[in-house]
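Numbering (full-length UniProt numbering), first residue to last: 1 to 425. Read the structure below first, then the notes.
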């Protein structure tokens, strides 16, 4: 983009921001901005839009203008994304600092947790959680996960006519798993589901997103108070009993918020979108149905291909640095497009299609570095249990509407399909 165009866009952004600063910004109305600005959050069905591929091919680290009148670095290359996410000392993820510094809107409550904290706080909190998310510890949940999946399948089998796979299958499974893991009442799922969806949906504006974060934290502070009084058997109760003097209520609520929202919306989207991929690929549908040995590689490839968390947590540079030949100055905002990085042609041929036999480096669907999703293995356990069970129970399952009629989320950090109506018999 030329200097003239950059200046014009910056002026328009500042004018727009000054007009709506008190009410938040609305990305859906930023039609004057170039496509590359919104490219990280846009898709063409299951695929990132072509602008993202063109940007990556030309400049894997490129400057974009954000709707509120500031610029940022957009990182779309695989190697470049790993370089940024792996440089913990060079970047900060502190949410309050990011929000006030870059959009002029401070959250009513700091979400804290792992995703929005820096070392040494991040190091201390992750150390408390890590033992609960080892494969050995998580394996205790395997029977319960399979039981939850079968319960949902039983309910679906009793339904007449089309079934919305999102509401009947994709959402309830991770909701139940996370609620039982944390010790959060499942009957509250509608509230935290609403908070989770709203925080990731940038179509509704900054205030709505930040408000959803505050609402979620307020709810979880109430749960934390109850756990302090009477610790349960879930993760929160364990933290209170074993580390109660090492962690305060705000940190407990922040950790719970990260596990709840990170483990619900993302896994639900993967379950729905992954099923859609299978319904459009008869050979892979049959392979998952008939062969246990293809499930693991298929799940890994789906995670790469779909990358439902489209953009990593924003970071700003603590110091001047150079990443892959690009000079980044202290204070610069950096956004890493995980969906763009996972389609990088440097990883191998035909990255735009699903290939369970692909021999490629590890994907970045869960991020990278110290902020890599701590619940990655739990999510994979749920996916490995759910996909084959669904297909084996309903081998004649098919879409109830043409694929082109499906509605997908617009401008959401976590991508997904709004509804997935299917016929089971």
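Glycine included, C-beta positions come from ideal geometry on N, C-alpha and C.
Local Cβ density within 10 Å of residue i, reported as buried at 16 or more and exposed below that
i, result
"residue 219", "buried"
"residue 367", "buried"
"residue 284", "buried"
"residue 27", "Below a pLDDT of 50, predicted positions are generally treated as unreliable, and residue 27, at 44, falls in that range; the measurement from the model is reported next regardless. The residue is buried, with at least 16 neighbouring Cβ atoms inside 10 Å."
"residue 380", "buried"
"residue 143", "exposed"
"residue 190", "exposed"
"residue 136", "exposed"
"residue 274", "buried"
"residue 425", "exposed"
"residue 56", "buried"
"residue 197", "buried"
"residue 409", "buried"
"residue 330", "exposed"
"residue 403", "exposed"
"residue 388", "buried"
"residue 186", "exposed"
"residue 122", "buried"
"residue 209", "buried"
"residue 77", "buried"
"residue 307", "buried"
"residue 435", "In the structure as shown, the chain starts at 1 and stops at 425, and residue 435 therefore has no counterpart that could be examined."
"residue 139", "exposed"
"residue 411", "buried"
"residue 22", "Any reading at residue 22 must be qualified, since the residue scores a pLDDT of 35, below 50, and its modelled position is unreliable; no value is offered."
"residue 44", "exposed"
"residue 199", "buried"
"residue 212", "buried"
"residue 154", "exposed"
Distance between beta carbons of residue j and residue i, contact taken as under 8 Å
i, j, result
"residue 177", "residue 382", "6 Å"
"residue 376", "residue 264", "Actually they are not in contact, since the Cβ atoms of residue 376 and residue 264 sit about 15 Å apart, beyond 8 Å."
"residue 227", "residue 240", "5 Å"
"residue 319", "residue 86", "Incorrect: roughly 15 Å between the Cβ atoms, too far for contact."
"residue 309", "residue 413", "7 Å"
"residue 50", "residue 371", "Actually they do not touch by this definition, with Cβ atoms about 29 Å apart."
"residue 373", "residue 262", "6 Å"
"residue 80", "residue 324", "5 Å"
"residue 40", "residue 343", "Contact flag wrong, Cβ pair sits at about 12 Å."
"residue 46", "residue 258", "Wrong, their Cβ atoms sit about 27 Å apart, outside the cutoff."
"residue 170", "residue 221", "That belief does not hold up - the Cβ atoms of residue 170 and residue 221 are roughly 28 Å apart, past 8 Å."
"residue 120", "residue 152", "About 42 Å; that fails the 8 Å criterion."
"residue 260", "residue 192", "6 Å"
"residue 328", "residue 73", "6 Å"
"residue 133", "residue 378", "7 Å"
Of the listed residues the options, nearest to residue i (C-alpha basis)
i, options, result
"residue 242", "221, 131 and 153", "131"
"residue 84", "421, 346 and 312", "312"
"residue 398", "326, 280, 315 and 297", "280"
"residue 396", "157, 334 and 182", "157"
"residue 217", "208, 234, 230 and 195", "195"
"residue 293", "385, 252 and 413", "385"
"residue 63", "347, 160, 332 and 350", "332"
"residue 255", "126, 344, 207 and 358", "126"
"residue 422", "359, 278, 334 and 295", "278"
"residue 317", "118, 199 and 138", "118"
"residue 296", "355, 326, 327 and 257", "355"
"residue 301", "159, 259, 128 and 347", "347"
"residue 350", "88, 133, 304 and 124", "304"
"residue 276", "186, 213 and 406", "406"
"residue 61", "357, 123, 334 and 121", "334"
"residue 359", "298, 369, 58 and 128", "298"
"residue 129", "238, 369 and 321", "238"
Residue i - partner residues in DSSP beta bridges
i, result
"residue 92", "316"
"residue 408", "417"
"residue 48", "43"
"residue 336", "75"
"residue 398", "423"
"residue 238", "DSSP lists no partner for residue 238."
"residue 321", "328"
"residue 63", "73"
"residue 277", "Note: residue 277 sits in no beta bridge, so no partner."
"residue 201", "412"
"residue 233", "DSSP, once it has assigned bridges, lists no residue as partnering residue 233."
"residue 309", "414"
"residue 163", "422"
Residue i at chain D interface by Cβ criterion, 9 Å
i, result
"residue 80", "The displayed structure is made up of one protein chain only, and chain D is not part of it."
_With three or more C-beta pairs closer than 8 Å as the rule, is the stretch 241 to 249 touching the stretch 143 to 162?_
no
Okay, do the stretch 151 to 171 and the stretch 264 to 276 touch, 3+ Cβ pairs below 8 Å being the bar? yes
Okay, do the stretch 335 to 352 and the stretch 360 to 379 touch, 3+ Cβ pairs below 8 Å being the bar? yes
When you compare the stretch 387 to 399 with the stretch 288 to 297, are there three or more beta-carbon pairs, one atom per stretch, that lie closer than 8 Å? Yes: the two stretches touch, three or more of their Cβ pairs being nearer than 8 Å.
**OP:** Report yes or no: do the stretch 415 to 422 and the stretch 179 to 187 share at least 3 C-beta pairs separated by less than 8 Å?
**Re:** no
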